[in-house]
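J.: Per this note's numbering, the very first residue in the sequence shown carries number -13; after that it's consecutive. Note that beta-carbon positions come from the ideal geometry of N, C-alpha and C, so glycine has one too. Note that this is a predicted model, so its numbers are computed, not measured. What follows is a structure written as structure tokens; I'll ask about it next.
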Amino acid sequence: MALEHAILVSLAEQSGSGYELARRFDKSIGFFWSATHQQIYRVLKRMDEAGWVTGEPIAQEGRPDKKVYRVSAEGRTELARWIAEPTEPGQLRNELAVKIRGATYGNLPSLLAEVTRHRDEHASRLDLYHRIEQRDFPTPERRTGTALHQYLVLRGGIRIEAGFVDWCDEVLNALRNS
């Protein structure tokens, strides 16, 4: 996936400035597709030149004008084309898994500390996802359209994080008892 498509999805949900897009990436899309603020601004410029988005200058009091971007008809066509395009299934590529596999050749206490650190980080993210779920989707059975699609992605994140926490717990238990 190109960053352009993640931006198209975000702008299709709600138009916004580059700054607003960067904030959205920090709070939601960035959990599964990250981008720096500089990357977002660079790609927005390319998308504007390609005709996928239009930018409308908005005057602000006491500040420079901001440009609010919207998806153009060409951008909606590209987004629909991309959504219909087949994607390759993701492949697990995890440095921690390789370290665990090589545990025999390293320092076990250091590895246990590293697995614990990863476990705690994923548990923290899982907790955040649960808070977002409670705040934004208190009645998921009534969701349709964009809200349903956002909820389903969040549920995927919850399941991935819960699975990673469970796996880390299993690894820690096995390594401590071996």
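For the segment 107 to 124 against the segment 143 to 154, do three or more pairs of beta-carbon atoms, one drawn from each stretch, fall closer than 8 angstroms, so that the two count as touching?
T.: At 8 angstroms Cβ cutoff, the stretches touch.
J.: With a 10 Å radius around its C-beta and 16 neighbouring C-beta atoms as the bar for buried, classify residue 142 as buried or exposed.
T.: As a first step, residue 142 is located in the sequence shown; it is residue number 156 there, counting from the start. Classification of residue 142: exposed, given that the 10 Å Cβ count is below 16.
J.: Just the C-alpha distance for residue 103 and residue 95, rounded to the nearest angstrom, thanks.
T.: By one-based count along the sequence shown, residue 103 stands at place 117. By one-based count along the sequence shown, residue 95 stands at place 109. Their backbone Cα atoms lie some 12 angstroms apart in a straight line.
J.: If I follow the unbroken alpha helix (DSSP H) through residue 146, where does it start and stop?
T.: Within the sequence shown, residue 146 is the residue found at index 160, counting from 1. Taken as a continuous stretch (DSSP letters only), the alpha helix (DSSP H) holding residue 146 covers 131 to 162.
J.: Where residue 6 and residue 50 are concerned, what is the direct C-alpha to C-alpha distance, given to the nearest angstrom?
T.: Position 20 of the sequence shown, counting from 1, holds the residue named residue 6. Position 64 of the sequence shown, counting from 1, holds the residue named residue 50. Approximately 15 angstroms, taken between the alpha carbons.
J.: Report the rounded CA-to-CA distance for residue 25 versus residue 18, giving the unit in angstroms.
T.: Taking the first residue of the sequence shown as position 1, residue 25 is located at position 39. Taking the first residue of the sequence shown as position 1, residue 18 is located at position 32. So the two alpha carbons sit approximately 16 angstroms from each other.
J.: DSSP has residue 2 in a bridge; who is on the other side?
T.: Here the question's residue 2 lines up with position 16 in the sequence shown. Paired residue(s): 55.
J.: Bridge partners for residue 49 per DSSP, in chain order?
T.: For the purposes of this step, residue 49 is taken as the residue at position 63 of the sequence shown. 46, per the DSSP bridge assignment.
J.: Rounded to a whole number of angstroms, what is the C-alpha to C-alpha distance between residue 21 and residue 29?
T.: Your numbering for residue 21 matches position 35 in the sequence shown. Your numbering for residue 29 matches position 43 in the sequence shown. Those two C-alpha atoms are separated by around 10 angstroms.
J.: Does the Cβ-Cβ distance between residue 61 and residue -11 come in under 8 angstroms?
T.: If you number the sequence shown from 1, residue 61 lands on position 75. If you number the sequence shown from 1, residue -11 lands on position 3. Contact: no.
J.: Answer yes or no: does any C-beta atom of chain D fall closer than 8 angstroms to that of residue 84?
T.: No chain D appears in this structure, which consists of one protein chain only.
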